[in-house]
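>
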Amino acid sequence: MGTKERILVSGGAGFIGTHTVVQLLKDGFKVSVLDNLDNAVQEALDKVRELVGPQLSNNLDFHLGDIRNLDDLEKLFSQTKLDAVIHFAGLKAVGESVANPMRYFDNNLVGSINLYKVMAKYNCKKLVFSSSATVYGQPDRIPCVEDFELKAMNPYGRTKLFLEEIAQDLHKADQKWRIILLRYFNPIGAHESGMLGEDPRGIPNNLMPYITQVAVGRLPELNVYGHDYPTPDGSAIRDYIHVMDLADGHVVALEKLLQRNDIGCVAYNLGTGRGTSVLEMVAAFEKVSGKKLPIKLCPRRAGDATAVYASTDKAERELGWKAKYGIDEMCRDQWKWASQNPWGYQSKP
Ligand code: NAD
Ligand code: UD1
1 MGTKERILVS GGAGFIGTHT VVQLLKDGFK VSVLDNLDNA VQEALDKVRE LVGPQLSNNL
61 DFHLGDIRNL DDLEKLFSQT KLDAVIHFAG LKAVGESVAN PMRYFDNNLV GSINLYKVMA
121 KYNCKKLVFS SSATVYGQPD RIPCVEDFEL KAMNPYGRTK LFLEEIAQDL HKADQKWRII
181 LLRYFNPIGA HESGMLGEDP RGIPNNLMPY ITQVAVGRLP ELNVYGHDYP TPDGSAIRDY
241 IHVMDLADGH VVALEKLLQR NDIGCVAYNL GTGRGTSVLE MVAAFEKVSG KKLPIKLCPR
301 RAGDATAVYA STDKAERELG WKAKYGIDEM CRDQWKWASQ NPWGYQSKP
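Under my numbering, the first residue of the sequence shown carries the number 1, and numbering increases by one thereafter.
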């Protein structure tokens, strides 16, 4: 297989980034990763190289750098011809964004604006952007359809909303931009090899990393936030998606971006279209891991919606993409990663 275009993957050392880089390399793309390692470690990219083998590893290069720093971007773009960008780099902790909004506006907004300035200067106007289901806020109806009115519930969500609008404006002003906005629902799971996975710093905020750390004995019990929701078992419902399905979604979006000049600026949901409750997720994880997870029923978490899941029709119709994996496979691969790497990429501190 000959090599294809060279893709800049910002934030490519992170959770979704590493899984996507593996699929890009396997698909024949050349990949330049730019990451400041704020929420990642270089060992993750070593694992990517190990997974794809020495030959495809030659198509991967890593640049330690920050999208907030124009010099870092200039250096990369002036030395390397980049054909498109998959832009993952950003901060994503909702609670932290409420406590420290400027950190989020600086990193996510200023960083992305810098990136787009340099992309435009070097005439690299093809972009896949990491958006989030957070732009639906607490939806009035489910499933969430791409043309719903968008809302932001917190500073993190506001950065995603603004960045979607900025992308629309860029395209309106200059039709050479081709932009695909991917709205992820709840990414979980890990590479099927057990070599790559999510490795959050500190106490996890999100459900699956928390469950994982309880299962490996790093945390004593899971707090189940809310058991009086109007759902069959009283716990909240979300659309969990396997990170490998998400990675494949990026590859198909990129292929479309490279092939078609009539993309415009368009948003797609990446979810499974199926909802799973917190208690169903606990049960599924217990089944694959053989571990009993101690739980504590707690009050609802502020700002949480009862049920959120995606309409996947548009992605199926226009990208030809559909999630392949269900909850059992997500839990299986999450457990494989966690049981092989209970302390993530690093050994026990
Ligand atoms: P992650 O934290 O694992 O990856 C983000 C990467 O970006 C990290 O490697 C981090 O070091 C890097 N980074 C952060 N700021 C940077 C900067 N200024 N310059 C260079 N690199 C920088 O997170 P993830 O889960 O892989 O998420 C990737 C993207 O997807 C983010 O934009 C996130 O907001 C979005 N997203 C994630 C989820 C989720 O639940 N994981 C859901 C919806 C959207
Ligand atoms: C969170 C983010 C959202 C982001 C999404 C992507 C918040 C408020 N929202 O969504 O912006 O787009 O991740 O993945 O953080 N839960 C527990 N116990 C826990 C952790 C979570 O019961 O220890 C429950 C939550 O109350 C929720 C469900 O599990 O009902 C999922 O929570 P989480 O994994 O944090 O994702 P979201 O809140 O859906």
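All residues carry an ideal CB built from backbone N, CA and C; glycine is no exception.
1) Kindly indicate which residue of F129, I241, D248, M153 has the alpha-carbon position closest to the one of A310.
2) If I211 and L222 are in contact, beta carbons under 8 Å, what's the gap, nearest whole angstrom?
3) I want to check one thing, is the minimum distance from the CB of S10 to the heavy atoms of the ligand NAD below 7 Å?
4) Note down the Cα distance separating R317 from D245, rounded to an integer number of angstroms.
5) Between the stretch 294-302 and the stretch 193-212, do at least 3 Cβ pairs fall closer than 8 Å?
6) Quick one: is the Cβ of G226 within less than 7 Å of any heavy atom of the ligand NAD?
7) Is the CB-CB distance between R178 and N261 below 8 Å?
8) A253 and V48: beta carbons closer than 8 Å?
9) Pick helix, strand or coil for R238, following the three-state DSSP scheme.
10) Beta-carbon within less than 8 Å of P230's beta-carbon, same chain only, minus the 5 sequence neighbours each way: which residues are those?
11) Can you give me the C-alpha to C-alpha distance between L293 and G217, rounded to a whole angstrom?
12) Please name the residue or residues paired with L222 in a DSSP beta bridge.
13) Count the other CB atoms, across all protein chains shown, that sit within 10 Å of the CB of G202; report buried if there are 16 or more and exposed otherwise.
14) Just the C-alpha distance for V33 and P232, rounded to the nearest angstrom, thanks.
15) For the stretch 152-169 against the stretch 95-107, are there 3 or more C-beta pairs whose distance is under 8 Å?
16) Checking the sheet assignment: what are the DSSP bridge partners for T276?
17) What's the gap between the Cα of L51 and the Cα of D140?
18) Taking the Cβ atom as the reference point for each residue, do L182 and S112 lie within a distance shorter than 8 Å?
19) Considering just the uninterrupted stretch of the beta strand (DSSP E) at D35, what are its terminal residues?
20) Quick one, which of V9, W343, A190, L163 has its alpha-carbon nearest C265's?
21) Under 8 Å: do the stretch 36-45 and the stretch 63-81 share three or more Cβ pairs, one atom per stretch?
22) Where do the N-terminal and C-terminal ends of the alpha helix (DSSP H) with D72 fall, by residue?
23) List the residues that DSSP assigns as beta-bridge partners of D61.
24) With respect to 7 Å, is the separation between the Cβ of P187 and the closest non-hydrogen atom of the ligand NAD below this value?
25) Assign P143 to buried or exposed, taking buried as 16 or more other Cβ atoms, counted over all protein chains shown, within 10 Å of its Cβ.
26) Considering only the beta carbon of each residue, do A190 and D333 sit closer than 8 Å?
27) Is I16 near the ligand NAD, judged by its Cβ being under 7 Å from some heavy atom?
28) Straight-line CA distance for Y345 to A13?
29) Considering Cα atoms alone, identify which of Y104, V135, Y184 is closest to E165.
30) Return helix, strand or coil for R183, following the three-state DSSP convention.
31) Helix, strand or coil: which one does DSSP assign to V135?
32) Can you round the beta-carbon distance between L25 and L60 to whole angstroms, since I take them to be within the 8 Å contact cut?
Judging by the given coordinates:
1) I241
2) 6 Å
3) yes
4) 16 Å
5) no
6) no
7) yes
8) no
9) strand
10) T306
11) 10 Å
12) I295
13) exposed
14) 44 Å
15) yes
16) R238
17) 43 Å
18) no
19) 30-35
20) L163
21) yes
22) 70-79
23) S32
24) yes
25) buried
26) yes
27) yes
28) 12 Å
29) V135
30) strand
31) helix
32) 6 Å
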